[in-house]
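Chains A and B, in that order, are what the protein sequence lines are.
The UniProt record's numbering puts the first residue of the first sequence at 1, with every later residue one more than the last.
The UniProt record's numbering puts the first residue of the second sequence at 1, with every later residue one more than the last.
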Amino acid sequence: MGLFSKLASLLGFKRKEASILVVGLDNSGKSTIINHFKSEEDKTIDIVPTVGLNVEKFKVKSLGFIAFDMSGQGRYRNLWEHYYQDVNGIIFVVDSSDSLRIIVAKDELDMMLQHKDIKDRNIPILFFANKMDLREALSSVKVSQALGLDNMKSKSWHICASNALTGEGLQEGVEWITDQLKYMVEQNKR
Amino acid sequence: THLLSEHTVIDLPTGVVAFQMDTCDPKVSAIAVASGGHIYVYKNMRPFYKFTLPTLNIEPAELEVWNQAKEDKIDMSSMKEVLESIRTEVGESNLSSRSQRFLMLEPEELEEFVHVHKQFPLKRQTVVTCLSTMKKSMAEDDAVSCLVLGTENKDVYVLEPDAFTILAAMTVPSVPAFLNVTGLFDVEYRIIVACRDGILYTLKRGFKTGRLCVELLSQPVGLLRVKNTVVVGCMDQTLSCFSMKGRNLWTIKLESSIVAMETIDITYLGIQLIVIALSNGLIQLYQDKYLVDVVPAEDVVTGIKFGRYGREENTLIMTTRGGGLIIKILKRTAKFDPKNLTPGPPAAQHMKLSVPKKTKLFVDQTMHERENAVRMHRSFQHDLYRLRLNTARSYVKVLTSSLTPVSTGGSDPLKLSAQIQGLGPVFRLRLEIQNTSTDKPSTNLFFTFHCDVRIYRVDKTFIPIPFLAPGLLYSSATKVECVSELGISDVIKVFVLRENEGVPLITAIINMPISEGMMSSY
Ligand SMILES: Nc1nc2c(ncn2[C@@H]2O[C@H](COP(=O)(O)OP(=O)(O)OP(=O)(O)O)[C@@H](O)[C@H]2O)c(=O)[nH]1
Ligand SMILES: [Mg+2]
C-alpha cells in the first residue's frame, strides 16, 4: 500500500507525476512514440536506436509522466526488469509489420508478466501496435492474438494501432493509461 | 516471409553462397550459385555474371577421332573401338563428356549422335562440386570475399570477387565434396577439403597440393570447423571431431543418419554448438560431444543456416524436404547446459591404458603360437572333447546312482547339505535336509552312512526322518570318530533313503578332513 499512497500523494496533490516504463523490441518505435508527446522545444529530429535507456518527461491532460524509454536490443533487455518495481504503468510497443519477431515480443512479454515485481500487482499495460501505416502491418486484433492478450486476465490492458510518425492512435492510448492511473489513485484515496 | 524472387538454374545447383563482391556503397551481398560447370552470380535479385570453369585438356587421340568423324572419315564401329581403347588407357573420367556419352549409347543411336555433335569443337569441362567463400584481405563481416570452389577434376580454385579470375588453383588427390575455409586470402588461409572417398586434406596459402589430414571410416556428409577442431559427419551415422593435425578427439554414434549440419556460434554466451538435422526429423544440438538440446521438426530438415536474420542475431533457418522453411529464434534467456541431458560416451573411453612393454617371453610365445597354430588348436579341441566326455560320463553316473545332493526329478524333490564340525578325532556331522517342493511332504525317509569302518566310526548310523514338510529346513547331527591311527582321511557318503526302497534318493559325499587330534593324544 505504501507505493499507492505515495502515488496518491504524488498524483493527487503535489507534483502530479506518474512513472511509466516503455518497453518493446528494438526498432518497434518506442523512442519515436515518446518523442511525439514531448513539447515542441524538446523534440529531437532524428531518432537513433537507444543505448541502455533514456528518461523523458512529458505531460498529458495535466498529468506529468516520467517515461523510462528502454532500449529494445537483445543485449539491453535484461535492464527492463530493474525498473518493474517502481513503475505505475507500462507501455509495450510492438512493430506490427514485423510478424516474424512478434513471437519474440510475446516471449519478452510473458517473461515480464511472470516477473515477481509485476505478477501480483495490478499495473495497467498499454500496447501500441505500431507502424500501422506499413503495408505488411498486422491489425491490432491480430497483434493482440499473437501476443495472447486474451489470456491475460490479471491486468487491465488496452491495445491501439498507432503510427508514431504521424501520431495517429497515440493520443487515444495515452488517454486510456492516464485514466487508469487516475482511477487507481481515486480508489486508493477512498 | 514470402518468396521475393525466383530464378531457374539450368542444371542442378550444387552450392549456394552469399558473398560481398565489392566495397561500393550500399553494401549489397551477391549470391553465387554453382551449377554444372558454371557459377551464376546474382545481385539485387537479378542475374549479374556467369563464370565458367576453364576447359580441360583433351587427349590428343580423342581429339583426332572426333576430327576424323567431322570429316566423315571414320565409321561408327571403329570409332567406338578407338574411344574404348582410349578409355581403358586414361580412364573414364579423363574423357570428354561427349565421348563418355557416345560410349554409353546403343549402336543404332551412334550415327545420329555424331551427326548432331560433330560440328562443334570438342570440349572437356568439369563441374563444380562444392562452393564456399573466403574473406580477401579483411575479416569484417561485410568485407570483400573470394569464392572458393572444388571441381570434379579434383581442383580447388579461389576466384577473384570482382573480375572472377582465378587467383589460386590447387589440387587434391580425390574429388572434393565439402570445403571449409578459414583465414584471409591475402594473409594466411587454410582450406579443409572433405573428399568423396572419405579423406580430409588441408590446403594452405602458397601450396599447390593438399596435405592428407584424416582418413575417415565412411563418406563425409558434412564438414564444420568448431574452434580449432574439425567436425565431420559421416554416412555411418557418426559425428567425429579431429584436431587440425588429424588426431581423432572424439566420435559419437547418432541414432539416425545425418542430413545437414551447421555450427551455431553464440557470441554473447561464448559458445559454439553443432546443430545436426537427422533423417528421423530431429534437430540435435551438441556442445562438443555432449547433447545439449533436441528440437523436433515437422519434416526432415535438409538445409540449416545459422546467423543474423534481420534484427535477430541468433536465428536458425532450416529448409525441409517438403519445401518448407522453418525459422527459429534463440531465446534471449536460453542456456545450454550439457549436464542435465544425456552425456556422450563415458569418460573411461578416453583414459589411456598403460599397456606394458612386450617381454621376450611374450614375443617367443607369440612366435610359437603363430608357428604351431594348427597343432595347438587341435590339441585344444582334443582336450575339450575329452573334458566334455568326462563331464557327460560323470553326469550319467550321477544320474544313475542318485549321487547328487539335490534331487530334482521323481516324487521327492529334496536338498541335502552336510557339514563337518570339529578338529578330530571326534567330529560332528551336521545334516540339513529340505523338501523343495511347494506342496508335497515326504514321509518315511531316513539317513544312513557309508564309510570305511577301519577309519571312521559313525555314532548313529540310522537317523529316521518320519516327516518332511515342504519348504522347511530340518537338521540333525551325529558324531563321527576317526579310529585310524594312520593320519589319513577318507570320504563319508550320506544317503537319504525311503524305507523299504533300495536306491537312495540323494547322496552327499563328504571329504573328511585329516583328524588333527590324532597325532597327539593316542
Ligand atoms: N513507418 C513507420 N515507421 C516508424 C513508426 N514508428 C517508428 N518508426 C521508425 O522505426 C525506426 C525505429 O524507431 P525507434 O523509435 O528508434 O525504435 P525504438 O523502439 O526506440 O528502438 P530501440 O531504441 O533500438 O529499442 C525509426 O526509423 C522510426 O522512424 C511508424 O509508426 N511507422
Ligand atoms: Mg529507442
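The beta-carbon is built from N, C-alpha and C at its ideal position, and this holds for glycine as well.
Considering residue 294 (chain B), what are the terminal residues of the beta strand (DSSP E) in which it resides? Taking the first residue of the second sequence as 1, we reach residue 294 (chain B) at position 294. Note, residue 294 (chain B): beta strand (DSSP E), 290–296.
Shortest alpha-carbon distance to residue 450 (chain B) belongs to which of B:44, B:497, B:162 and B:66? The count along the second sequence starts at 1 and reaches residue 450 (chain B) at position 450. Cα-wise, what sits closest to residue 450 (chain B) is B:497.
C-alpha gap between residue 113 (chain B) and residue 103 (chain B), whole angstroms: Along the second sequence, read from residue 1 onward, the residue named residue 113 (chain B) stands at position 113. Along the second sequence, read from residue 1 onward, the residue named residue 103 (chain B) stands at position 103. Going from the Cα of residue 113 (chain B) to the Cα of residue 103 (chain B) covers about 11 Å.
Contact set between the segment 128–154 of chain A and chain B, restricted to residues whose Cβ is under 8 Å from the partner: none
Which chain A residues are close to residue 331 (chain B), counting only those with a beta carbon under 7 Å from its beta carbon? For this step, residue 331 (chain B) is matched to residue 331 along the second sequence. Ordered by position in chain A, the residues that pass the 7 Å Cβ test against residue 331 (chain B) are 107.
If contact means a Cβ-Cβ distance below 9 Å, which residues of the segment 76–106 of chain A contact chain B? 77, 78, 98, 99, 100, 101, 103 and 104
In terms of residue numbering, what span does the alpha helix (DSSP H) encompassing residue 100 (chain B) cover? The residue labelled residue 100 (chain B) in the question sits at position 100 within the second sequence. Run containing residue 100 (chain B): 97–104, per the alpha helix (DSSP H) assignment.
Per DSSP, the bridge partner or partners of residue 130 (chain B): Mapped onto the second sequence, residue 130 (chain B) falls at position 130. For residue 130 (chain B), which the question treats as bridged, DSSP gives the partners B:150.
For residue 36 (chain A), name the three-state secondary structure that DSSP assigns. Residue numbering aside, residue 36 (chain A) sits at position 36 when the first sequence is read from its first letter. It is helical.
Tell me whether the segment 42–59 of chain A and the segment 102–116 of chain A touch, counting them as touching only if at least three CB pairs, one residue from each stretch, are closer than 8 Å. no
Along the chain, where does the beta strand (DSSP E) containing residue 314 (chain B) start, and where does it finish? Taking the first residue of the second sequence as 1, we reach residue 314 (chain B) at position 314. Note, residue 314 (chain B): beta strand (DSSP E), 312–320.
Along the chain, where does the beta strand (DSSP E) containing residue 119 (chain B) start, and where does it finish? The sequence position of residue 119 (chain B) within the second sequence is 119, counting from 1. Segment: none, residue 119 (chain B) is in no beta strand (DSSP E) and carries neither H nor E.
Would you mind listing the beta strand (DSSP E) stretches within the segment 232–302 of chain B that are 3+ residues and don't spill past its ends, in chain order? 238–243, 248–253, 258–266, 271–278, 282–287 and 290–296
Terminal residues of the continuous alpha helix (DSSP H) containing residue 85 (chain B)? Translated into the one-based positions of the second sequence, residue 85 (chain B) becomes position 85. Looking at the DSSP string, the run of the alpha helix (DSSP H) that includes residue 85 (chain B) is 76–90.
May I ask which residues mark the beginning and end of the alpha helix (DSSP H) holding residue 146 (chain A)? Locating residue 146 (chain A) in the first sequence gives position 146, where the first residue counts as 1. Residues 140–147.
Is residue 24 (chain A) close to chain B? Criterion is C-beta to C-beta, closer than 7 Å. Working through the first sequence from its first residue, we reach residue 24 (chain A) at position 24. False, the Cβ-Cβ gap to chain B never drops below 7 Å.
Counting only C-beta atoms, is residue 72 (chain A) closer than 7 Å to chain B at any point? The residue labelled residue 72 (chain A) in the question sits at position 72 within the first sequence. No, no contact with chain B.
Runs of 4 residues minimum, wholly inside the segment 33–117 of chain A: which ones carry the alpha helix (DSSP H) assignment? 102–114
Are there three or more Cβ pairs, one per stretch, closer than 8 Å when the segment 77–89 of chain A is compared with the segment 16–26 of chain A? yes
Does chain C have any CB closer than 7 Å to the CB of residue 308 (chain B)? Note that chain C does not occur in the displayed structure, where the protein chains are A and B.
Spatially closest choice to residue 331 (chain B) from B:458, B:313 and B:321, by CA coordinates: The count along the second sequence starts at 1 and reaches residue 331 (chain B) at position 331. Looking at the Cα atoms, B:313 is the closest of the given residues.
Given that a residue counts as buried once 16 or more other Cβ atoms are within 10 Å of its Cβ, and exposed if not, what is residue 62 (chain B)? In the second sequence, residue 62 (chain B) corresponds to position 62, counting from 1. It is buried - the Cβ of residue 62 (chain B) has at least 16 other Cβ atoms within 10 Å.
At the level of alpha carbons, what is the spacing between residue 281 (chain B) and residue 253 (chain B)? The count along the second sequence starts at 1 and reaches residue 281 (chain B) at position 281. The count along the second sequence starts at 1 and reaches residue 253 (chain B) at position 253. For residue 281 (chain B) and residue 253 (chain B), the distance between alpha carbons rounds to 17 Å.
Cβ neighbours of residue 436 (chain B) in the same chain (closer than 7 Å, five flanking residues each side left out): Position 436 of the second sequence, counted from the first residue, corresponds to residue 436 (chain B). For residue 436 (chain B), where only same-chain residues beyond five positions count, the Cβ hits under 7 Å are 413, 414 and 415.
With 16 other Cβ atoms within 10 Å as the buried cut-off, status of residue 185 (chain B): As a working mapping, residue 185 (chain B) is identified with position 185 in the second sequence. Under this definition residue 185 (chain B) is a buried residue.
Which same chain residues, not among the five before or five after residue 142 (chain B), have their C-beta less than 6 Å away from its C-beta? Here residue 142 (chain B) is taken as the residue at index 142 of the second sequence, counted from 1. Around residue 142 (chain B): 20 and 27.
Under the three-state DSSP convention, the category residue 196 (chain A) falls into: Examination of residue 196 (chain A) is not possible in this model, given that chain A is present from 1 through 190 alone.
Chain-ordered neighbours of residue 327 (chain B) on chain A, where CB pairs are closer than 9 Å: Locating residue 327 (chain B) in the second sequence gives position 327, counting from the first residue. Near residue 327 (chain B) (Cβ distances below 9 Å), the residues of chain A are 100.
Three-state secondary structure assigned by DSSP to residue 111 (chain B): Counting from one through the second sequence, the residue named residue 111 (chain B) turns up at place 111. Here residue 111 (chain B) sits in helix by DSSP.
Please report whether the beta-carbon of residue 186 (chain A) lies at a distance below 7 Å from any beta-carbon of chain B. The residue labelled residue 186 (chain A) in the question sits at position 186 within the first sequence. Not closer than 7 Å to any Cβ of chain B, the Cβ of residue 186 (chain A) fails to qualify, so no.
Should residue 155 (chain A) be counted as a contact of ligand 3 given a C-beta to heavy atom distance under 6 Å? This structure does not include ligand 3; its bound ligands are ligand 1 and ligand 2.
Tell me which same chain residues have a C-beta within less than 8 Å of the C-beta of residue 144 (chain A), skipping the five on either side of it? Here residue 144 (chain A) refers to the residue found at position 144 when the first sequence is read from its first residue. Cβ neighbours of residue 144 (chain A) beyond the five flanking positions: 127, 129, 150 and 159.
Below 8 Å on C-beta distance, what does residue 298 (chain B) contact in chain A? In the second sequence, the residue the question calls residue 298 (chain B) occupies position 298. What residue 298 (chain B) touches in chain A: nothing, since even the nearest Cβ is about 16 Å away.
I want to know whether the segment 89–108 of chain A touches the segment 23–36 of chain A - three or more CB-CB distances under 8 Å. yes
Residue 82 (chain A) beta carbon less than 7 Å from that of residue 170 (chain A): Position 170 of the first sequence holds residue 170 (chain A). Position 82 of the first sequence holds residue 82 (chain A). Cβ atoms of residue 170 (chain A) and residue 82 (chain A): not closer than 7 Å.
Taking the continuous beta strand (DSSP E) assigned at residue 220 (chain B), which residues delimit it? Counting from one through the second sequence, the residue named residue 220 (chain B) turns up at place 220. 220–226 is the extent of the beta strand (DSSP E) around residue 220 (chain B).
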